[in-house]
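Heads up: the sequence shown begins at 198 in our numbering, then just goes up one per residue.
C-beta atoms are modelled at their ideal positions from N, C-alpha and C, and glycine is treated no differently.
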Amino acid sequence: MTLHDIFHDTLRASPAEPCRAGGKGPIGRAARTHGPPGNAALPFSPARRCLIALAAGLGLCLGLARPGFGADAITVFAAASLKNAMDEIAGAFERETGHAVTVSLAGSSALARQIQHGAPADIFISANPGWMDALEQDGLIEPDSRFDLLRNTIVLIAHGRDARPVEIRPGLDIAGMLGEGRLAMTFVDAVPAGLYGKAALRALGVWETVRSKVAQADNVRAALALVSSGEAPLGIVYATDAAADDNVTVLGAFPARSYPPVVYPAAAVAASGNPLNARFLAWLSGQVARKAFERQGFVVAFE
């Protein structure tokens with residue numbers, strides 16, 4: 198069995214609550230959890246965790262919801278790791294076309310579940326192919342509109358700016374580096390960044406030593422916030438998110454062979470019928486969007 202197979206088996210086998218009768222594909226947890234079975238209780242108070250999640254979620258969504266000034270508008274569901282780039286891209290599209298763009302940002306699993314529930318999204322950009330595959334299998338996206346948009350990598354980060362780089366290799370003593378602290382990740386059985394991180398830790402032979410120390414967050418920006426604020430000393434996030442925060446240091450990048458390629462597919466939602474969908478998808482693969490993505494450290498997957 199290949200690493201890619203292990204990754205998708207983990208996604209398919211994640212504890213789930215179906216979002217509708219007969220639903221297929223990976224459905225992430227409907228309720229938040231503190232970690233995988235056997236995890237020790239987190240050192241963060243429930244109130245503190247709620248404030249962090251609320252600030253991250255509301256800040257991302259409200260910061261990108263724009264008042265419309267044209268007769269038509271478009272709603273984009275995008276992975277939280279795209280926040281900075283989508284802010285720029287949505288604004289440029291509005292200025293160019295006069296059509297309003299509302300971007301809703303969250304973990305890809307949460308966004309996919311919302312689409313399965315019938316949320317009024319026009320475009321979906323996922324941080325991994327698995328969730329897009331699930332929607333396609335359910336007939337919830339337009340398959341002919343789907344294309345690979347971006348690529349990314351995952352890195353190990355530390356709080357502050359003084360941490361020294363480490364070589365991320367098999368047997369790395371991440372548990373010892375954590376001490377009594379926690380390793381911030383997104384949900385390791387549902388959210389793409391967590392799935393990639395868990396796959397990498399397993400490939401390096403250190404997952405069992407750190408699984409009880411993992412602090413799981415709804416999305417990658419929330420995991421980043423735990424490290425940035427000092428709530429967690431270490432975390433695993435996308436390289437692009439780490440580059441956007443001055444309060445963290447990248448200790449090292451995980452070997453590319455230790456986890457499946459991080460690919461962001463984009464597609465139109467089947468129930469949408471918005472005539473702007475094709476135009477916005479073309480905009481995403483145009484030069485304005487390309488420059489915005491590259492400024493944030495993404496590698497475009499289209500040519």
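Item, Value
"Let me check you understand the geometry: is the CB of V403 closer than 7 angstroms to at least one non-hydrogen atom of the ligand PLP?", "This structure lacks the ligand PLP, and indeed carries no ligand of any kind."
"So is A463 buried or exposed if we call it buried at 16+ other beta carbons inside 10 Å?", "buried"
"Is the separation between the beta-carbon of T294 and that of T272 shorter than 8 angstroms?", "no"
"Between the C-alpha atoms of E364 and L448, what's the straight-line distance to the nearest angstrom?", "8 angstroms"
"Look up R454 in the DSSP assignment and say whether it is helix, strand or coil.", "helix"
"Would you kindly work out how many angstroms separate the C-alpha atoms of P326 and G394, rounded to a whole number?", "16 angstroms"
"Where does H314 land, buried or exposed, given buried means 16+ other C-beta within 10 angstroms?", "exposed"
"Verify whether the separation of the beta carbon atoms of F495 and I351 is less than 8 angstroms.", "no"
"Could you give the DSSP three-state label for D330: helix, strand or coil?", "helix"
"Among the residues of its own chain, which have a CB less than 6 angstroms from the CB of R358, if the five just before and after it don't count?", "T446"
"Quick one: complete beta strand (DSSP E) runs, 3+ long, within the stretch 407–486?", "411–414, 431–435, 445–450, 459–465"
"With DSSP run on the structure shown, which of helix, strand or coil describes S301?", "strand"
"Is it right to say A489 is buried, meaning 16 or more other beta carbons lie within 10 angstroms of its own, or is it exposed?", "buried"
"Can you give the Cα-Cα distance for D335 and E428, rounded to whole angstroms?", "39 angstroms"
"Buried or exposed: which applies to Q413, given that a residue is buried once 16 or more other Cβ atoms fall within 10 Å of its Cβ?", "buried"
"So, is D370 buried or exposed, given that buried needs 16 or more other C-beta atoms within 10 angstroms?", "exposed"
"Quick check on the burial criterion: 16 or more other C-beta atoms within 10 angstroms. Buried or exposed for P457?", "buried"
"With a CB to CB cut of under 7 angstroms and the five nearest residues on each side skipped, what residues in its chain are close to E285?", "A489"
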